[in-house]
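A short worksheet on the structure shown next.
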Amino acid sequence: MTAHTPLRSIDALVAQGLVVPARRAALDAVAGRYAVSVTPAIAALIDPSDAADPIARQFIPDAAELLTLPQEMADPIGDEAHSPVEGVVHRYPDRALLKLVHACPVYCRFCFRREMVGPGGASLAGEKLDAALAYLASRPEIWEVIMTGGDPFILSGRRVRDVAKRLAAIPHIKVTRWHTRVPVVDPERVTADYARALRVPGKASYIAIHANHPREFTPAARAAIARLADAGHVLLSQSVLLKGVNADVETLSALMRAFVENRVKPYYLHHPDLAPGTSHFRLSLAEGQALVKSLRGHLSGLCQPTYILDIPGGAGKIPVGPSFLSGCETPGAEARAEDRFGTQHSYPPV
Ligand SMILES: *Cc1c(COP(=O)(O)O)cnc(C)c1O
Ligand code: SF4
5 MTAHTPLRSI
15 DALVAQGLVV
25 PARRAALDAV
35 AGRYAVSVTP
45 AIAALIDPSD
55 AADPIARQFI
65 PDAAELLTLP
75 QEMADPIGDE
85 AHSPVEGVVH
95 RYPDRALLKL
105 VHACPVYCRF
115 CFRREMVGPG
125 GASLAGEKLD
135 AALAYLASRP
145 EIWEVIMTGG
155 DPFILSGRRV
165 RDVAKRLAAI
175 PHIKVTRWHT
185 RVPVVDPERV
195 TADYARALRV
205 PGKASYIAIH
215 ANHPREFTPA
225 ARAAIARLAD
235 AGHVLLSQSV
245 LLKGVNADVE
255 TLSALMRAFV
265 ENRVKPYYLH
275 HPDLAPGTSH
285 FRLSLAEGQA
295 LVKSLRGHLS
305 GLCQPTYILD
315 IPGGAGKIPV
325 GPSFLSGCET
335 PGAEARAEDR
345 FGTQHSYPPV
């Protein structure tokens, strides 16, 4: 094994001191159910002496994953029902997902697509890629294409450049967006050349970078993110609100500031989806709203993400507050506006 090989089994995690041998049997059962991978960059970030390490909690298998609750679902956000051809999910008229790969460099223990992602599956190529691109080209209402997976940044620069070139030839597509965790989990992959290969000529290019804890912003991760920004991509954030990882005001504030300091505009903070075996990460919507409300109280407007729930079953994403306004539903009634100290102020009906 070289220093660049991800740790893909419980044995490998034990050998690196990231799992104590006594937990091997229990965690082998987890690894038999859900994919495991920890990159060297992430392994180096974990403090094995800290049982509550927020990086370990995101990536090291936990026996709690063997508990599946009745309300948890294999396809929590209902992708399947909206897939017209393999590799495309078209739920909203103006934008579609293009799922280029099933694999990721790491497997997050809370992943909403954990029943779909994993090593070994073929990437979207050949006739399947042709069919997916033909679908996108046949629908003039598709204004934006979102490349996801799995993690599309595990593709080679040559493959990425090929997809980019083919998207460039579809006139009604004006915007492209990549969703990735690679800049933080395997930053060396994002070379300046790679950052340029991701540009789709003639289109506005956005990249949503997934990170959940301020410690993920290592010097190497910051440099990778800078290469993407310098190549002309607009950078957005994507995070999941996770119990034991970032569900407190200090951590969430530091995370949002880290994004902004690295030229990444906070975009979505996801409420955790009902993925199987993830109940130990979930908090209530009311707890989430209280946390997001406290961000509004003391952080720059640049640091404010939108708190999002993907409605289970496939009805789509909605912002879930918090709300600072009440009483305006009644015609003719005064609204009450709550300031950052919790004081209510009235606002006239018209
Ligand atoms: C999340 C998602 C999108 C992107 O939604 P935005 O609100 O534009 O970020 C698009 N299509 C599908 C199917 C999705 O699940
Ligand atoms: S990188 Fe994304 S798709 Fe891959 S395991 Fe993590 S959350 Fe799931």
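In my numbering, the protein residues as written are 5 to 354.
For each residue, glycine too, the CB sits at the ideal point set by N, CA and C.
In this text the structure is predicted, and so the values were computed from the model without any measurement.
Task: Minimum C-alpha distance to residue 290 - residue among 312, 44, 302 and 16 - done: Residue numbering aside, residue 290 sits at position 286 when the sequence shown is read from its first letter. Measuring from the Cα of residue 290, the nearest candidate turns out to be 312.
Task: Coarse secondary structure for residue 306, derived from DSSP in three states - done: Position 302 of the sequence shown holds residue 306. Reduced to three states, the DSSP call for residue 306 is helix.
- [ ] Closer than 6 Å by C-beta to residue 75: which residues in its own chain qualify, once you throw out the five before and the five after it? Chain order, please.
- [x] What you label residue 75 is simply residue 71 of the sequence shown in a count that begins at 1. Same-chain partners within the cutoff: 278.
Task: Beta-carbon proximity list for residue 140, same chain, < 8 Å, skipping 5 on both sides - done: In the sequence shown, the residue the question calls residue 140 occupies position 136. Taken in chain order, the residues that qualify are 92, 100, 102, 146, 149, 171, 174 and 177.
Open item on the list: residue 242 and residue 390 - do their beta-carbons sit closer together than 7 Å?
Closed with: Coverage of the chain is limited to positions 5 through 354, which leaves residue 390 absent and any answer about it impossible.
Open item on the list: Assuming contact is defined by CB atoms lying nearer than 7 Å, are residue 106 and residue 152 in contact in what I supplied?
Closed with: Within the sequence shown, residue 106 is the residue found at index 102, counting from 1. Within the sequence shown, residue 152 is the residue found at index 148, counting from 1. Contact: no.
Open item on the list: Taking the straight line between their C-alpha atoms, what separation do you get for residue 220 and residue 292?
Closed with: On the sequence shown, position 216 is the one that residue 220 refers to. On the sequence shown, position 288 is the one that residue 292 refers to. Their Cα atoms are separated by approximately 21 Å.
Open item on the list: When you compare the segment 103-122 with the segment 48-60, are there three or more beta-carbon pairs, one atom per stretch, that lie closer than 8 Å?
Closed with: no
Open item on the list: According to DSSP, simplified to helix, strand and coil, what is residue 17?
Closed with: As a working mapping, residue 17 is identified with position 13 in the sequence shown. Helix, per DSSP.
TODO: Would you mind reading off the limits of the beta strand (DSSP E) that contains residue 103?
DONE: As a first step, residue 103 must be located in the sequence shown, where it is residue number 99. That run of the beta strand (DSSP E) goes 99-103.
Task: the segment 221-232 touching the segment 242-254, judged by at least three CB pairs closer than 8 Å - done: no
TODO: Have a look at 321, 346, 325 and 341 and flag the residue whose alpha-carbon is nearest the alpha-carbon of residue 80.
DONE: By one-based count along the sequence shown, residue 80 stands at place 76. Checked all of 321, 346, 325 and 341; the closest Cα to residue 80 is 321.
- [ ] Identify, in the order they occur along the chain, each residue of the same chain with its Cβ nearer than 6 Å to the Cβ of residue 298, setting aside the five sequence neighbours on each side.
- [x] Numbered from its first residue, the sequence shown carries residue 298 at position 294. 253, listed in sequence order.
Open item on the list: Please report the distance separating the alpha-carbon of residue 133 from that of residue 239.
Closed with: Translated into the one-based positions of the sequence shown, residue 133 becomes position 129. Translated into the one-based positions of the sequence shown, residue 239 becomes position 235. Each residue's Cα considered, the two are about 26 Å apart.
Task: Three-state secondary structure assigned by DSSP to residue 348 - done: By one-based count along the sequence shown, residue 348 stands at place 344. Residue state, collapsed to three classes: strand.
Task: Secondary structure of residue 23, DSSP reduced to three states - done: Walking along the sequence shown from the start, residue 23 turns up at place 19. It is coil, neither helix nor strand.
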